[in-house]
Amino acid sequence: MSFFCCIGYGETSKVESKKPGFFALYTWGEELVRYSDEIVKIGIKWVRLGGRQIPTKEHDEAILEGAKKGIHCVPVISDKEAASKNDMKKWRETVRSVIKRYGPNGSLWKENPSVKALPIEYVEIWNEPNIEFLEPPEGMLRDELYFNLLKNAYEEIKFLNKDIKVVGFNTAGGVIIKDSGPPIDGMFQKLKYFGWLKMIKDVHKRGGGKFYDILGVHPYTTPYPPERRKLVESIEVMRKEMREKSDGEKPIWFTEVGYPLVYPNNRNVKNEDEQADFLLRLFGLGTSHGIEQIQVMYIVDIIYGPDKSQRSFGFFDGNRWRKQAIATKVMIDLLGDPPQLVSTISDGNEKFYAYEFKGRSGKNVIMTWLDNDEPEERGINVGGIDSVTLVDKLGNKQTLSVKDGKIKIKIGGSPIFIEK
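Taking our numbering, the leading residue of the sequence shown gets 163, the next gets one more, and so forth.
Dropping the structure here:
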């Protein structure tokens, strides 16, 4: 799937440097325009905007709508024609056109002076270049072509505006337990599809570590929760590779991930409750282990073009918020965006997870769950306070008394927030 998001540009203007939001959605232009008010109500202010090769009228409309609502967009730049011929001159022209239109002082903002500019601050270079979405010329492998694309895009972007950040790779796959697709550190010999880790390693071997600011991956674990596909261990594998073979450790973004209700070959979760639970657990693990942004697939359900299959990832079912949308709002309302980790209480010891964050209200909040289908009673130290407020994924609240600095609660696979 090809994707894209909103932000801004100007040849001599400086992009305001601040930490991006942790919570983000992946969408196409028309859905962003339709659902922008609902996205803002959830508390999400960052989107990855997909669609046809940028720039188009649809992108213009979406980025303007994002700017009006305070939603930052992160574009995915691609050019299949240039890639198919390894034509770096044409590729640089495409990259340049995106930055000059949507970056600081870009033509989109000059043409629409009534809209307060929200130029792009980040761009993603291609979507899933390790599989069929990047088709190299005959005799060239994907890693060689992607190295060329990444290097030329990075150089062009930094020449125009050194403050715009480049998100590289955005690979299909991002966890070290393989359920489908090519071997993680190998390749389908006939199709020449690269495993996600092999793609990163081979581009690094060519010197590509210098030509991106952020590492993007798509760590799908569906139909399993993230812990059972070694998400945390996978993050450490990425960091080790960057430390040893890149020019140092860089931030990591999950530039596409989600838990569908309907998906081919039964690779879907059971129901909306499981969908919301797994997504919250992904958020909890991601933010506590330093992932800078997670872009969730998707605003609405889709029919996937190549095989016409239904893929029900949507935050919204028509005008109805699915439980994962409600749960995301609950987490943002409690923790803010980005969340600020205070301490790790338990990082999976006996399948028990508990992390303490600085709460949005000023009170610290513990997020906890158990990687187990059956709830178990657990004791948690909360300190010298009289009571805490338990909040479930749908925002239901319960006051609980504290005894000797501890509480005892039943914890299962559905995360609970404990406001101290």
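Built from N, CA and C at the ideal position, the CB exists for glycine as well.
If you're wondering where the values come from, they're calculated on a predicted model, not measured in any experiment.
Straight-line Cα distance separating residue j from residue i
{"i": "P616", "j": "R196", "result": "Any question about residue 616 goes unanswered here, given that the chain covers just 163 to 582."}
{"i": "A489", "j": "G557", "result": "7 Å"}
{"i": "I293", "j": "K568", "result": "50 Å"}
{"i": "R214", "j": "G357", "result": "25 Å"}
{"i": "P426", "j": "Y466", "result": "10 Å"}
{"i": "L552", "j": "V564", "result": "12 Å"}
{"i": "D566", "j": "K559", "result": "22 Å"}
{"i": "L423", "j": "Q437", "result": "7 Å"}
{"i": "I206", "j": "H234", "result": "9 Å"}
{"i": "L562", "j": "D554", "result": "13 Å"}
Extent of the continuous alpha helix (DSSP H) to which residue i belongs
{"i": "N310", "result": "R304 to L322"}
{"i": "S450", "result": "E434 to S450"}
{"i": "E273", "result": "S269 to E273"}
{"i": "D222", "result": "K219 to K231"}
{"i": "I131", "result": "It is not possible to answer for residue 131, since the shown part of the chain is limited to 163 through 582."}
{"i": "Y425", "result": "First-last for Y425: undefined, no H or E at that position."}
{"i": "E255", "result": "M250 to Y264"}
Assigned secondary structure, residue i (DSSP; H/G/I helix, E/B strand, else coil)
{"i": "Q486", "result": "helix"}
{"i": "N526", "result": "strand"}
{"i": "D364", "result": "helix"}
{"i": "D241", "result": "coil"}
{"i": "E518", "result": "strand"}
{"i": "K203", "result": "helix"}
{"i": "Y466", "result": "strand"}
{"i": "G567", "result": "coil"}
{"i": "T587", "result": "Missing from the structure shown is residue 587; the chain here goes from 163 to 582 and no further."}
{"i": "L296", "result": "coil"}
{"i": "S508", "result": "strand"}
{"i": "L280", "result": "coil"}
{"i": "K372", "result": "helix"}
8 Å contact criterion, which residue i and residue j should meet: CB distance rounded
{"i": "E151", "j": "H451", "result": "Since the first and last residues shown for the chain are 163 and 582, residue 151 lies out of range."}
{"i": "L194", "j": "A224", "result": "5 Å"}
{"i": "M361", "j": "E418", "result": "Incorrect: roughly 15 Å between the Cβ atoms, too far for contact."}
Where the beta strand (DSSP E) through residue i begins and ends
{"i": "R405", "result": "No beta strand (DSSP E) holds R405; the alpha helix (DSSP H) holding it covers L393 to K407."}
{"i": "I580", "result": "I578 to E581"}
{"i": "Q472", "result": "S471 to R473"}
{"i": "E286", "result": "Y284 to I287"}
{"i": "V329", "result": "K327 to A334"}
{"i": "K552", "result": "For clarity, residue 552 is Leu in the given sequence; the question names Lys instead. Unbroken beta strand (DSSP E) run through L552: S549 to V553."}
Neighbour flag for residue i against chain B, beta carbons, 8 Å
{"i": "E434", "result": "Reference to chain B is not applicable here, since this structure consists of a single protein chain."}
contact_flag[the region 440-453, the region 472-490] where n(CB pairs < 8 Å) is 3 or more:
yes
With a threshold of 8 Å, are at least 3 pairs of Cβ atoms found where one atom belongs to the region 261-271 and the other to the region 302-316?
no
Counting pairs of Cβ atoms below 8 Å between the region 337-353 and the region 316-326, do you hit three or more?
no
Is it the case that the region 427-434 contacts the region 381-389, given that we only count it when at least three CB pairs across the two stretches are under 8 Å?
yes
Please determine if the region 504-512 and the region 525-544 are in contact, where contact requires at least 3 C-beta pairs separated by less than 8 Å.
yes
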